[in-house]
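Numbering (the working numbering), first residue to last: 236 to 306.
The structure under discussion appears below in the form of structure tokens.
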């Protein structure tokens, strides 16, 4: 019975983590959108796209690291 409660708790925390994950990505997108409006005045298009891709990959690596550390 205790095992079931622990499993349920883990699922809840996992779902919460996913929601936080989504929220942060959405906020990140909004900030990027605002910055992009400013950046494209100064930078050429491909540089901005590559920067965004690099930032996203770093974010995902960071989150995966945190989730692995928690488990």
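Here a beta-carbon is modelled for each residue, glycine too, at the ideal position from N, C-alpha and C.
Roughly how far, in whole angstroms, is the beta-carbon of residue i from the beta-carbon of residue j, given that I think they are within contact range, below 8 Å?
i, j, result
"residue 252", "residue 302", "7 Å"
"residue 294", "residue 263", "7 Å"
"residue 287", "residue 267", "6 Å"
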